[in-house]
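Remarks on the structure that follows.
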Amino acid sequence: MSARPIATTRSAAGMPTGRLAVWWVIASEIVIFGGLLGSYVMFRLSHDSFASDAANTNMYIGAFNTWVLLTSSLFAVLGHKAAEEGNGPKAARMLWLTVGGGAVFLLVKTYEWYEKIHHGHTLSSSTFFSFYYTAAGLHALHVIAGMIIMLFVANTARKNLELHRVELIGIYWHFVDVVWIFLFPLLYIAK
Amino acid sequence: MATAPVTHHDAHGHGHHEESWFVHYFWSTDHKMIAKQYMFTGMAMALIGGFFAYCFRMQIAFPGIDVPGFGVVSPNEYNHLITNHGAIMIFWVAMPVLIAAFGNYLIPLMIGCDDMVFPKLNRLSYQIFLLSIVVLIASFFVPGGGFAGAWTMYPPLSAKPEYGLTPLGASLFVTAVALEFVAFLMGGINFVTTAMNSRAPGMRMYDIPMVVWMIVIASILFMASVGPLVAGAVMLLFDQNLGTAFFNPDKGGDPVLWQHLFWFFGHPEVYVVLLPTVGIVAEIITVFARKKLFAYRTVLYTAFGTGVLSFMVWAHHQFIAGIDPRMANIFTITTLLISIPIAEMMFVYIATLYGGAITLTTPMLWALSFIATFLVGGVTGIFLGASGADIYLHDTYFVLAHFHYTFFPIAIIGTFAGLSYWFPKMFGRMMNETLGKIHFWGTIIPFNCIFIPLFVLGAAGEHRRIFDYTNFSELARPELRQLDQFATISLLVMLGFQVLFLFNLFYSLFWGPKAEKNPWKANTLEWTADSPPPHGNWPELPRVYRGPYEYSVPGRDQDYWPQNAQN
Chain A
35 MSARPIATTR
45 SAAGMPTGRL
55 AVWWVIASEI
65 VIFGGLLGSY
75 VMFRLSHDSF
85 ASDAANTNMY
95 IGAFNTWVLL
105 TSSLFAVLGH
115 KAAEEGNGPK
125 AARMLWLTVG
135 GGAVFLLVKT
145 YEWYEKIHHG
155 HTLSSSTFFS
165 FYYTAAGLHA
175 LHVIAGMIIM
185 LFVANTARKN
195 LELHRVELIG
205 IYWHFVDVVW
215 IFLFPLLYIA
225 K
Chain B
639 MATAPVTHHD
649 AHGHGHHEES
659 WFVHYFWSTD
669 HKMIAKQYMF
679 TGMAMALIGG
689 FFAYCFRMQI
699 AFPGIDVPGF
709 GVVSPNEYNH
719 LITNHGAIMI
729 FWVAMPVLIA
739 AFGNYLIPLM
749 IGCDDMVFPK
759 LNRLSYQIFL
769 LSIVVLIASF
779 FVPGGGFAGA
789 WTMYPPLSAK
799 PEYGLTPLGA
809 SLFVTAVALE
819 FVAFLMGGIN
829 FVTTAMNSRA
839 PGMRMYDIPM
849 VVWMIVIASI
859 LFMASVGPLV
869 AGAVMLLFDQ
879 NLGTAFFNPD
889 KGGDPVLWQH
899 LFWFFGHPEV
909 YVVLLPTVGI
919 VAEIITVFAR
929 KKLFAYRTVL
939 YTAFGTGVLS
949 FMVWAHHQFI
959 AGIDPRMANI
969 FTITTLLISI
979 PIAEMMFVYI
989 ATLYGGAITL
999 TTPMLWALSF
1009 IATFLVGGVT
1019 GIFLGASGAD
1029 IYLHDTYFVL
1039 AHFHYTFFPI
1049 AIIGTFAGLS
1059 YWFPKMFGRM
1069 MNETLGKIHF
1079 WGTIIPFNCI
1089 FIPLFVLGAA
1099 GEHRRIFDYT
1109 NFSELARPEL
1119 RQLDQFATIS
1129 LLVMLGFQVL
1139 FLFNLFYSLF
1149 WGPKAEKNPW
1159 KANTLEWTAD
1169 SPPPHGNWPE
1179 LPRVYRGPYE
1189 YSVPGRDQDY
1199 WPQNAQN
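Residue numbers (the numbering used here), protein chains in the order written: chain A, 35 to 225; chain B, 639 to 1205.
What follows is the structure in structure tokens.
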């Protein structure tokens, strides 16, 4: 059962199977976040109270985290480049840097949530904060999942094996990034 | 596109012999075994769903009766039974059998490859599906009992335990549904990727059998529609357990939001389960009419069109939920529009049958009955899609009869059609035709006797989800009660005939006559493999030279022309 089926090695659609599948994963993820953020926007437009709640979010922390995630995506791209050149160990190092970026993001997020909860803004204190924690929490879960998968990919890439996976996890990581690009203005900038 | 390395295949066959019994049946990554797992699990769940229907129908027809095998049905148990009957039949019968079982079995065999592109993901998908069933069944036995707020899970019944009376059952129910979605997202990604990438050399877009197309389109519809409901399920779980108020108007939420999230998925879901059956029927009627499918490309484009349109009709479930009447007008128009592509598919099938050399085998009877019964379901949908008529008919037995006239053909008739048609391939033996035909008539006649009275009852004003009609003087009239009793007795007859099916299934499984490779003389690739196909499906993977429906081609000795035959 170690060998792949022949089916996996075919590419009638002209795209490697793994990449095709990752795009479908992302397509199904887009509608998950789309439903959540769509609901948020509809609420936001019809509830004035959201604006006063949103005033409590810290735009500078959000901006810093945006910068951290975008930088980590740069490392993911560099890792992909190294993998294409067949340099597995370098690709693995780049993926570790990407994971490091994700870790900084989560630490900042932890501080931010700690401070919010300390000031009495909890999951159930208002509908705005319910969305704030649910959307950012769902995103953070994706960050954590991406980091774990990336560690596995880096571990095989280090031995110069399965280098195509570096690109696949990179595509996923960029998607997680893009979700944050939507969350940041919706939750932090629009006051 | 490269030709298959033969050595790799040997490795497969070799590994097969070393498999233990447990690995073979429960830990297999073979798409055919996973398909059978889904098939049998789905049919077992259908027995539970059918049993629930039997219990609550007995209570409706004979209020207060001590239902044999269950006991007296209490009001909350009644709600629990109808809720889980609906959820089980949609999520744990129609989805696993039509999409997962037939999709898993047919996609690799019909496009000529050895397995799904991600066999381990496939196995994981089934395991998560099984876990969702464990969670669902566990929810029946927790304090307070299983969830009883209808399969649509509308808040506040689902969100507030003081209304729903099932504090733990509701959360477990939502969790089970969410797990089931995860399983089918994995399966869907596998199906779509396999069909896109792993086709046999020579198989062009329009050489793909219709059932594969339909399962792929259904998988895409599922992936594109389920997301908001996944988000909604998370929000509902938070509302239930963590004190948020997404759907609670007291604290700034909105219960109608749930209805939007649910039906944005729920309506495309109808087409998610419909399309595979439409595909199965296409395969069967072409084989048994010995004719080319009329307007292959039109059917395909129509299916895509239906898919797109199905995302714009969801609010017709909410005409009386307080949505803006202007919006209701728009959704009336889109809902009536979607009947056009579906009607067109039905006409195309009738055109396929026209002038064909029809053989009335058991699968063909099921396929024809699908067209006839689904037409009734479709036509009655027009009444409900028009917002004016829906205000009167909403939440009556008319609605209930309407969607059973759609879902029964889809889920039950579709399953029987597909199973009786592909049974020789799946298990290498033939089913008994005589028993199959008796079972067919014993199912289809009582089915109509159940639901035609319910149309009448609904039009007379009988509301759904009411425990005991004798409490309502205008609904307790003897002529209405007798119709309900007639429907219930018809249900008993129909359920009784399913014993015959189970006997035929298991008898044929072990003692049926051996099936040859291609008993129906069909064109598609699965019939060129052994019955049942071994691990890896073919010693050498096939190459495709033509479309799947070249029947009765003039100038040929045989009236069929397999896709892989060079000339």
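The beta-carbon is built from N, C-alpha and C at its ideal position, and this holds for glycine as well.
(1) Three-state secondary structure (DSSP) at His647(B)?
(2) So, is the C-beta of Ala126(A) closer than 8 Å to a C-beta in chain B?
(3) So for Val705(B), helix, strand or coil by DSSP?
(4) Compare the C-alpha of Ala739(B) against each of Met841(B), Ser1190(B), Thr1166(B) and Thr1053(B) and name the closest.
(5) Would a C-beta distance cut-off of 8 Å place His718(B) and Ala808(B) closer than the cut-off?
(6) Our contact map puts Thr999(B) next to Glu1071(B) with C-beta atoms below 8 Å; I'd like the distance itself, whole angstroms only.
(7) For His173(A), count neighbouring Cβ atoms within 10 angstroms of its own Cβ and tell me buried if that reaches 16, exposed if not.
(8) Can you list, in chain order, the residues of its chain whose CB lies under 7 Å from that of Trp130(A), leaving out five sequence neighbours each side?
(9) For Thr1034(B), write down the residues that DSSP places opposite it in a beta bridge.
(10) Checking contacts by CB at 8 Å: is Trp232(A) closer than that to chain B?
(11) If contact means a Cβ-Cβ distance below 8 Å, which residues of the stretch 74-107 of chain A contact chain B?
(12) From the DSSP output, which residues share a beta bridge with Phe56(A)?
(13) Strictly by DSSP, which residues pair up with Lys1152(B)?
(14) What ranges does the alpha helix (DSSP H) occupy inside the stretch 48-110 of chain A, keeping only unbroken runs of at least 4 residues that lie completely in it?
(15) Gly680(B) and His723(B): beta carbons closer than 8 Å?
(16) Taking C-beta to C-beta, are Ser770(B) and Glu818(B) nearer than 8 Å?
(17) At the level of alpha carbons, what is the spacing between Ile737(B) and Leu913(B)?
(18) Quick check on this structure: which residue in Met1132(B), Arg1194(B), Asp1195(B) and Arg1181(B) has the alpha carbon closest to the alpha carbon of Ala691(B)?
(19) Where does the unbroken alpha helix (DSSP H) through Lys150(A) begin, and where does it stop?
(20) Got a sec, what are the start and stop residues for the alpha helix (DSSP H) Lys758(B) sits in?
(21) May I ask you to report which of helix, strand or coil DSSP gives Tyr1059(B)?
(22) Any C-beta of chain A sitting closer than 8 Å to the C-beta of Ser948(B)?
(23) Look at the Cβ atom of Met93(A), then the Cβ atom of Thr132(A), and state whether they are nearer than 8 Å.
(24) May I ask you to list, following chain order, the residues of the stretch 735-746 of chain B that have a beta carbon less than 9 Å from some beta carbon of chain A?
(25) Which residues, taken in chain order from the stretch 870-891 of chain B, show a beta carbon closer than 8 Å to some beta carbon of chain A?
(26) Use the C-beta contact count for His1032(B): other C-beta atoms within 10 angstroms, 16 or more gives buried, fewer gives exposed.
(27) Considering only residues of the same chain and omitting the five flanking positions on each side of Leu823(B), which have a CB-CB separation below 8 Å?
(28) Does the separation of the CB atoms of Gly68(A) and Phe218(A) fall below 8 Å?
(29) Compare the C-beta of Val755(B) with all C-beta atoms of chain A and state if any pair is closer than 8 Å.
(30) Identify every residue that forms a DSSP beta bridge with Val710(B).
(31) Using a Cβ-Cβ distance under 8 Å, would Gly865(B) count as near chain A?
(32) Assign Tyr909(B) to one of three DSSP states: helix, strand, or coil.
(33) Distance check for Ile720(B) and Ser1146(B), CA to CA, integer angstroms please.
(34) Would you call the stretch 1000-1007 of chain B and the stretch 920-934 of chain B touching, i.e. three or more CB-CB distances under 8 Å?
(35) Does the stretch 772-788 of chain B touch the stretch 833-846 of chain B, meaning 3 or more C-beta pairs lie closer than 8 Å?
(36) At which residues does the alpha helix (DSSP H) containing Ile672(B) begin and terminate?
With the structure as the only source:
(1) At His647(B) the pLDDT is 43, less than 50, meaning the model places this residue with poor confidence and gives no usable figure here.
(2) no
(3) strand
(4) A check of alpha carbon separations from Ala739(B) across Met841(B), Ser1190(B), Thr1166(B) and Thr1053(B) identifies Thr1053(B) as the nearest.
(5) With contacts defined by Cβ atoms closer than 8 Å, His718(B) and Ala808(B) do not form a contacting pair.
(6) 7 Å
(7) buried
(8) Ala188
(9) Answer by DSSP bridge pairing, in chain order: His1101(B).
(10) Residue 232(A) is absent from the structure shown; chain A starts at 35 and stops at 225.
(11) Met76, Phe77, His81 and Ser83
(12) Phe is not the amino acid found at residue 56(A); the sequence shown has Val there. Within the DSSP bridge table, the entry for Val56(A) names no partner.
(13) Arg1067(B)
(14) 51-80 and 83-88
(15) no
(16) yes
(17) 9 Å
(18) Met1132(B)
(19) Gly122 to His152
(20) Pro757 to Ser777
(21) helix
(22) Output row for Ser948(B): interface = no.
(23) Against a cut-off of 8 Å, the Cβ pair of Thr132(A) and Met93(A) comes out as no contact.
(24) Pro746
(25) Gly870, Val872, Met873, Phe876, Leu880, Gly881, Thr882, Ala883, Phe884, Lys889, Gly890 and Gly891
(26) Classification of His1032(B): buried, given that the 10 Å Cβ count is 16 or more.
(27) Phe860, Met861 and Val864
(28) No, the Cβ-Cβ distance between Gly68(A) and Phe218(A) is not below 8 Å.
(29) yes
(30) Looking at the DSSP assignment, Val710(B) forms a beta bridge with Asp704(B).
(31) The beta-carbon of Gly865(B) is placed less than 8 Å from the nearest beta-carbon of chain A.
(32) If DSSP states are grouped into helix, strand and coil, Tyr909(B) belongs with the helices.
(33) 34 Å
(34) yes
(35) Inter-segment contact for the stretch 833-846 of chain B and the stretch 772-788 of chain B is absent: fewer than three beta-carbon pairs are separated by less than 8 Å.
(36) His669 to Ala699
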